[in-house]
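Remarks on the structure that follows.
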Amino acid sequence: MTTVAFQGEYGAFSEMAARSHFGQDVDVAPQPDFAHLFRAVEDGSASHGMVPIENTLMGSIYENYDHLLKHGLSIVGESKLRIVHNLIVNEGVGLEDIREIHSQPPALAQCVNLIESLPKARAVAAHDTAGAVRALRDSGDRNTAAIASRQAAIDYGLEILREGVEDNHQNFTRFVVVAPQAEHPDPPAKTSIVFTLSHEPGSLYASLGSFADRDINMLKIESRPIAGRPFEYTFYLDIAGDQRDELCREALAGLEAHTTTFKILGSYKEGDIVEGEVRPPLT
90 MTTVAFQGEY GAFSEMAARS HFGQDVDVAP QPDFAHLFRA VEDGSASHGM VPIENTLMGS
150 IYENYDHLLK HGLSIVGESK LRIVHNLIVN EGVGLEDIRE IHSQPPALAQ CVNLIESLPK
210 ARAVAAHDTA GAVRALRDSG DRNTAAIASR QAAIDYGLEI LREGVEDNHQ NFTRFVVVAP
270 QAEHPDPPAK TSIVFTLSHE PGSLYASLGS FADRDINMLK IESRPIAGRP FEYTFYLDIA
330 GDQRDELCRE ALAGLEAHTT TFKILGSYKE GDIVEGEVRP PLT
């Protein structure tokens, strides 16, 4: 049976991504944080995990790259969810009543224009977008709003005062699906790798030449400083292709020959952009 772990509470964007990828009727397992999510998949409490890895406005979510390195799970799928934020209140509350706006820090950072348009209101960080809505319902507070998904408003029976309050509507989060065992993806496939290089001139250029030599497209490359090793970097690379294909295997071997650490995070089918369907409210 497929059970998908996600971070947050019912109504979270991660739950919407899970249902968009696996189907609306899939069993889901909310987790309090990403560490619990990865452990749930490792210990078999869940068959898969839905993990946000990158946002088009905020960049990569390095905490989850760290979990991918620490845990023995493989990326087996991908989904790209459009993020639509909503200003959510208890029934009858108006804009003039709001003194605090609660949500997860990334959501607050994506809605700065709204927050600044309410000079009497201040942003307050919460652990989870949907959790902020549940807490608002439980408190009955009439001077507080939350920023979260339409699904969260429906689940907890609150009103959407304003829709689409994100500063930039081209706001998408890329999620990866993790599982204990690697899978053979359908095309078009992509492969994600993490590696480090010796701190020498030309090492990055030399390491990536094997992809150019085989006309393999690099979809993303990003560097991140290594803690405790000033001006040395970990590289995150996505390439087009399946690690089991001959040309891809050769190119990956060429890269690995130049690295000091090397890990293939998984090969998986490239995900489509989805809007995220709203399910019926929780009973």
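Sequential numbering from 90 applies to the sequence shown in this note's numbering.
For every residue, glycine included, the Cβ atom is placed at its ideal position computed from N, Cα and C.
{"Asked": "Tell me whether Val140 sits in a helix, a strand or coil according to DSSP, three-state version.", "Found": "strand"}
{"Asked": "With 16 other CB atoms within 10 Å as the buried threshold, where does Phe95 fall?", "Found": "buried"}
{"Asked": "Could you give the C-beta distance for Ala234 and Glu359, rounded to a whole number, given that I count them as a contact under 8 Å?", "Found": "Rounded, the Cβ-Cβ distance is 37 Å, inconsistent with contact."}
{"Asked": "Return the chain-ordered ranges of every alpha helix (DSSP H) run that is complete within the region 254-308 and spans a minimum of 4 residues.", "Found": "292-302"}
{"Asked": "Answer yes if the region 263-276 comes into contact with the region 185-201, meaning at least three C-beta pairs across the two stretches below 8 Å, and no otherwise.", "Found": "no"}
{"Asked": "Kindly indicate which residue of His125, Glu143, Val254 and Pro141 has the alpha-carbon position closest to the one of Ala135.", "Found": "His125"}
{"Asked": "Please say whether Leu308 and Ile328 have beta carbons closer to each other than 8 Å?", "Found": "yes"}
{"Asked": "Please classify Phe123 as buried or exposed, where buried requires at least 16 other C-beta atoms within 10 Å of its C-beta.", "Found": "buried"}
{"Asked": "Looking at Asn175 and Ser238, is the spacing between their C-beta atoms short of 8 Å?", "Found": "yes"}
{"Asked": "Quick check on the DSSP output: the beta strand (DSSP E) that includes His191 runs from which residue to which?", "Found": "Glu189 to Ser192"}
{"Asked": "Considering only their Cβ atoms, is the gap separating Ile236 from Ala196 smaller than 8 Å?", "Found": "yes"}
{"Asked": "Just the C-alpha distance for Gly220 and Gly183, rounded to the nearest angstrom, thanks.", "Found": "21 Å"}
{"Asked": "Using a Cβ distance threshold of 8 Å, determine whether the region 338-357 contacts the region 284-303, with at least three qualifying pairs required.", "Found": "yes"}
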